[in-house]
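Colleague: Here it is, the structure, as structure tokens.
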């Protein structure tokens, strides 16, 4: 992800977020609180909830997946088996003089232009530091104490303080619950288990609001399959003509290529993977992101997570550059194999009479980042005043109910209409300021419909509907109001 | 809560939970994983989701509350201000010989029958131990190292490991975000902020599945009000004749009393509190718990949380005795006052031109416990085979689609119907076993409607609907299927 600072759109989203209740830093009133923790305000909660419902409908339900919701605190053993205790680390160094701490790989890349791959050891980094005479950027001091910093949060359970960790990815619950789910839910391979929830990473430098947090929402999907049969996947048939937007390894541009062509040319290794890559690209298209701002970028060996054998990142282009929203990893037999070894429980299951250790293909989605991209994508600054052109199914407030004047009997009538609608729609009542200013205020937070209660309402029980995107106005009878709103929201 | 072991209903719920995917211990495949952590399986996820939607609709939306979703990791300062660092503790002692650890207050109560109030100090407890010669229950060893154990989980943030804690209650986000929410959301007192999410308590002895967990879901509502105006609360008017089921302090029985009578007699201190107590009692009635199994029990000084000035527990009667589901606390000015002192930010807001530090009344709901009670309440063991009579709006699976025989063309036709319904309902497809056994299997997990695809379906495109509660069967044309299901589910 590139990071040009001061993008106007980024700044505008942050302003909106803080001033209108989308999101804000956690513990804001305590100035010295640790960075990288954020709260969703009232509008953010509704947007996030709708995004997750959309994920559940378009991926989990459409594909017939099973969903679980597991504990965030997990036993140490889980991360011995998963490899996180050993490998989920960042290299760091400290300044001998001013004690500033640096993420070593990033510092070397910045100072030398040399790409530091995921698996470079500390000895090699030390050599690069000496060779290029890299010093502390703040005081010029010597860099010492090169070490690997584990990004998991440790905690002690019970009075004795038994080692446990906050999960750094939601999927570990899915792997350790796999056996029971497979047994109790009577599914045959291939099938998928999904989970949405919080994950935690002790980032050395959290930054940019929702884009790199220490506590964040993931929505993960783990597809379990027989590796010998990844190409026997009839569900993929209807996808064969769907055009993927791929940025293959070693190519500078994004190509449009059908699933069938990508499979025939060997770009994608199996029909199962082609199907799920299509599903996730379609998801963001349906979420309102235009095709040309979406790509699936293939990762090389030096970029892949330590458990991945084949990896594509779904990225979306924003004013801050391309942002990774979904890591699509073929994790192979790493996970079930690891838990089998460490737990002593056999993870092989029967597939058509043959015992097989399932492999895993995952769609690991960053929810907060996706929400940032949806907000930025919807933000229209063309007309001077910001308008948030959110698709109606993501709008935190669907309907604003506005008395023309802030006095009786307009306010009572408006409150009556608010009460009538509040259980069926997400409704807000507002009586303060001129009607024009209120329209602008609701445009800014993406409300698709404003309802105005005016003089005529008092005479004939009709109200004015004003639509955000067309600014068109429509006179509607109260008896038809709910139905009209429902139709417009789709 | 009383705890007779071996209740048949409790055992049956646990069996169902494990065998059918409602919930299961976290890290189950690792035998030595810490206790008190649970995962929701596929059916549990859907039940919980529907319960939370019901909470959102019946409390948050009905009352026009604002909802937030804040970080679970909070800065140390928050808990200095809230008093949790000092007061959220349990007294413990260790056996000198076998190192067993005891929760001291519970141990003394068990051995002597003497009630140990929340605030008894360690000196007094030591005196009681000596006086009554209380020893280790396992080996008879001497109890030593009397101390207070803080139940918050500590973690270190960043490379330097700055002190932070997992929140022991969700409401702290609400208090520290109060200022920004009040400013940005343009609300006047009184108004409420709600939040649902995970909380964490390092319980010394977690037990009984969902009833005492170390990581659990809370749904909390914090009502901010001007303490001088708790009795000026017009929203309470329509509630005045509603009959509360109260168990006042010092009384052995539950009384039925209208809000008005409870206020007139001074049992409840304000109309605002009477209104919210009514709302929460109504919530569980609407959730399908019968009135006589619900009570609001008033807490005495020795039972109340350290921050409460007036407290009622909403309790529901189960086979395990009365279980506390919602703590209804008047927290007074404790929270905003504390954060004002520690943060230096003024928490007073304008109310009709007068500056006031809002007081807080809370409805702090245990979600997992509520789900246990709803499951137990729905479990019908009368007919021999268990039937889960869940209200349709809580049913994890709404419709089961069953080919009469597990062969073509029944299975293709059934799959076609499954595909037709899957995005609008929570549907499951099942072809294994006799149709009668499949009915029983879906009765057991609360599915209200089974659809059978039989010989006649192939001729005239009609299917049989079989209803769980009446066992009634109905022949329906495929064209009317969705509508018929929708009507039955309500």
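Residue numbers (the working numbering), protein chains in the order written: chain W, 109 to 598; chain D, 109 to 598. A virtual CB, placed ideally from N, CA and C, is assigned to each residue, including glycine.
(1) Which residue marks the beginning of the beta strand (DSSP E) containing residue 302 of chain D, and which one marks its end?
(2) Any idea which residues DSSP pairs residue 537 of chain D with across the strands?
(3) Can you tell me which of the three DSSP states residue 124 of chain W falls into?
(4) Can a CB atom of chain D be found closer than 8 Å to the CB of residue 127 of chain W?
(5) My assumption, with CB atoms under 8 Å, is that residue 490 of chain W sits in contact with residue 533 of chain W. Please give the rounded CB distance.
(6) Find the nearest neighbour of residue 585 of chain D within the set D:188, D:573 and D:150, judged by alpha-carbon distance.
(7) Run the CB neighbour count on residue 119 of chain D, radius 10 Å, all protein chains shown included, and call it buried at 16 or more, exposed below.
(8) Within 10 Å of its beta-carbon, does residue 240 of chain D have 16 or more other beta-carbons around it, so buried, or fewer, so exposed?
(9) Does the stretch 398 to 406 of chain D come into contact with the stretch 354 to 361 of chain D, if we say contact requires no fewer than three beta-carbon pairs (one atom in each stretch) closer than 8 Å?
(10) For the ligand GTP, any of its heavy atoms closer than 7 Å to the Cβ of residue 229 of chain W?
(11) Could you have a look at residue 220 of chain D and say whether DSSP puts it in helix, strand or coil?
(12) Looking only at DSSP bridge pairs, what is residue 405 of chain W linked to?
(13) Check the Cβ of residue 558 of chain D against every Cβ in chain W and list those closer than 8 Å, keeping chain order.
(14) So residue 292 of chain W contacts chain D; which residues on that side make the cut at Cβ distance below 8 Å?
(15) May I ask you to report which of helix, strand or coil DSSP gives residue 376 of chain D?
(16) Going by C-alpha distance, which of W:468, W:525 and W:450 is nearest residue 588 of chain W?
(17) Among the residues of its own chain, which have a CB less than 6 Å from the CB of residue 427 of chain D, if the five just before and after it don't count?
(18) Should the stretch 450 to 463 of chain W be regarded as contacting the stretch 300 to 311 of chain W, the criterion being three or more beta carbon pairs within less than 8 Å?
(19) Answer with yes or no whether the minimum CB distance from residue 110 of chain D to chain W is below 8 Å.
(20) So, residue 352 of chain D versus residue 389 of chain D, is the Cβ gap smaller than 8 Å?
(21) Tell me whether residue 203 of chain W is buried or exposed, calling it buried when 16 or more other Cβ atoms sit within 10 Å of its Cβ.
(22) Any chance the stretch 219 to 233 of chain D sits against the stretch 409 to 416 of chain D, with 3 or more Cβ pairs inside 8 Å?
(23) Using three-state DSSP, classify residue 435 of chain W as helix, strand or coil.
(24) Once you ignore the five residues that flank residue 212 of chain W on each side, which residues in its own chain have a CB closer than 7 Å to its CB?
(25) At 9 Å on the CB atoms, spell out the chain W contacts of residue 540 of chain D, in chain order.
(26) Buried or exposed, going by whether 16 or more other CB atoms sit within 10 Å of the CB of residue 595 of chain D?
(27) CB-CB under 7 Å to residue 485 of chain D, same chain, minus the five flanking residues each way: which ones, in chain order?
(28) Do you know whose CA, among D:150, D:155 and D:514, lies nearest residue 481 of chain D's CA?
(29) Using CA coordinates, which residue listed in D:165, D:205 and D:384 is at the minimum distance from residue 342 of chain D?
(30) Cβ closer than 8 Å: which chain D residues qualify as neighbours of residue 453 of chain W?
(31) What's the call for residue 400 of chain W, buried or exposed, on a 16-neighbour Cβ count within 10 Å?
(32) Leaving out five residues before and five after residue 423 of chain D in sequence, what residues of the same chain have Cβ atoms less than 7 Å from its Cβ?
(33) Are the stretch 123 to 135 of chain D and the stretch 139 to 158 of chain W in contact at 8 Å, needing three or more beta carbon pairs?
(34) Which whole-angstrom value describes the C-beta separation of residue 308 of chain D and residue 328 of chain D, a residue pair presumed to lie in contact below a C-beta threshold of 8 Å?
(35) What does residue 322 of chain D reach in chain W if we use C-beta pairs closer than 8 Å?
(36) Taking only runs that begin and end inside the stretch 193 to 254 of chain D, name each unbroken beta strand (DSSP E) of 3 or more residues, in chain order.
Modeller: The relevant details are as follows:
(1) Working through the second chain from its first residue, we reach residue 302 of chain D at position 194. Under the DSSP assignment, residue 302 of chain D falls in the beta strand (DSSP E) whose first and last residues are 299 to 308.
(2) Numbered from 1 along the second chain, position 429 holds the residue referred to as residue 537 of chain D. Partner(s): D:509.
(3) One-based indexing of the first chain puts residue 124 of chain W at position 16. Of the three classes helix, strand and coil, the one that applies to residue 124 of chain W here is helix, per DSSP.
(4) As a working note, residue 127 of chain W is residue 19 in the first chain. For residue 127 of chain W, the closest Cβ of chain D is nearer than 8 Å.
(5) The sequence position of residue 490 of chain W within the first chain is 382, counting from 1. The sequence position of residue 533 of chain W within the first chain is 425, counting from 1. Contact flag wrong, Cβ pair sits at about 28 Å.
(6) In the second chain, the residue the question calls residue 585 of chain D occupies position 477. Among D:188, D:573 and D:150, the Cα nearest to that of residue 585 of chain D belongs to D:573.
(7) Stepping through the second chain from its first residue, residue 119 of chain D is reached at position 11. Residue 119 of chain D should be labelled exposed.
(8) Translated into the one-based positions of the second chain, residue 240 of chain D becomes position 132. Answer is exposed; the Cβ neighbour count stays below 16.
(9) Because the criterion of three Cβ pairs below 8 Å is met, the stretch 398 to 406 of chain D and the stretch 354 to 361 of chain D touch.
(10) As far as ligands go, the structure on display features none, and thus does not contain the ligand GTP.
(11) Taking the second chain and counting its residues from 1, the one referred to as residue 220 of chain D is at position 112. The answer is helix: DSSP assigns residue 220 of chain D an H, G or I state.
(12) Taking the first residue of the first chain as 1, we reach residue 405 of chain W at position 297. Looking at the DSSP output, residue 405 of chain W shares a beta bridge with W:355 and W:421.
(13) Position 450 of the second chain, counting from 1, holds the residue named residue 558 of chain D. Under the 8 Å cutoff, chain W gives no residues; its nearest Cβ is about 16 Å from residue 558 of chain D.
(14) Residue 292 of chain W sits at position 184 when you count from the first residue of the first chain. The CB of residue 292 of chain W comes closer than 8 Å to the CB of 126, 127, 128, 129 and 149 in chain D, given here in chain order.
(15) The residue labelled residue 376 of chain D in the question sits at position 268 within the second chain. Residue 376 of chain D: coil per DSSP, three-state reduction.
(16) Here residue 588 of chain W is taken as the residue at index 480 of the first chain, counted from 1. It is W:525.
(17) Mapped onto the second chain, residue 427 of chain D falls at position 319. Answer for residue 427 of chain D: 115, 117 and 118, listed in chain order.
(18) By the Cβ criterion, the stretch 450 to 463 of chain W is not in contact with the stretch 300 to 311 of chain W, since fewer than three pairs of Cβ atoms, one from each stretch, lie closer than 8 Å.
(19) As a working mapping, residue 110 of chain D is identified with position 2 in the second chain. Note that residue 110 of chain D scores a pLDDT of 38, beneath 50, so its modelled location is shaky; the value from the coordinates is reported in the next line. Proximity of residue 110 of chain D to chain W, defined by a Cβ-Cβ separation below 8 Å, is not satisfied.
(20) Translated into the one-based positions of the second chain, residue 352 of chain D becomes position 244. Translated into the one-based positions of the second chain, residue 389 of chain D becomes position 281. For residue 352 of chain D and residue 389 of chain D, yes; Cβs fall inside 8 Å.
(21) Here the question's residue 203 of chain W lines up with position 95 in the first chain. Under this definition residue 203 of chain W is a buried residue.
(22) Output reads yes: the stretch 409 to 416 of chain D touches the stretch 219 to 233 of chain D.
(23) Within the first chain, the letter at position 327 stands for residue 435 of chain W. Reduced to three states, the DSSP call for residue 435 of chain W is strand.
(24) The residue labelled residue 212 of chain W in the question sits at position 104 within the first chain. Correct list, in chain order: 199, 200, 201, 233 and 254.
(25) Within the second chain, the letter at position 432 stands for residue 540 of chain D. Per Cβ cutoff of 9 Å: 294.
(26) Residue mapping note: residue 595 of chain D aligns to position 487 of the second chain, counting from 1. Taking every protein chain shown into account, the CB of residue 595 of chain D has fewer than 16 other CB atoms within 10 angstroms, so this residue is exposed.
(27) Against the second chain, residue 485 of chain D aligns to sequence position 377. Within the same chain, 396 and 397 come within 7 Å of residue 485 of chain D by CB-CB distance, once the 5 residues on both sides are set aside.
(28) What you label residue 481 of chain D is simply residue 373 of the second chain in a count that begins at 1. Nearest of D:150, D:155 and D:514 to residue 481 of chain D, Cα basis: D:155.
(29) As a working mapping, residue 342 of chain D is identified with position 234 in the second chain. The residue with the shortest Cα to Cα distance from residue 342 of chain D is D:384.
(30) Here residue 453 of chain W corresponds to residue number 345 of the first chain, with the count starting at 1. Those within 8 Å of residue 453 of chain W in chain D are 137.
(31) What you label residue 400 of chain W is simply residue 292 of the first chain in a count that begins at 1. Exposed, by the Cβ-count rule.
(32) Position 315 of the second chain, counted from the first residue, corresponds to residue 423 of chain D. Excluding sequence positions up to five before and after residue 423 of chain D, its CB lies within less than 7 Å of the CB of 403, 405, 430, 431, 432 and 433, all in the same chain and listed in chain order.
(33) With the cut-off at 8 Å, the stretch 123 to 135 of chain D and the stretch 139 to 158 of chain W do not touch.
(34) Position 200 of the second chain, counting from 1, holds the residue named residue 308 of chain D. Position 220 of the second chain, counting from 1, holds the residue named residue 328 of chain D. Their Cβ separation, rounded to whole angstroms, is 14 Å, which puts residue 308 of chain D and residue 328 of chain D out of contact at 8 Å.
(35) Taking the first residue of the second chain as position 1, residue 322 of chain D is located at position 214. The contact set of residue 322 of chain D on chain W, defined by CB atoms closer than 8 Å, consists of 181 and 265 in chain order.
(36) With a minimum length of 3 residues, the continuous beta strand (DSSP E) runs that stay inside the stretch 193 to 254 of chain D are 197 to 203 and 209 to 211.
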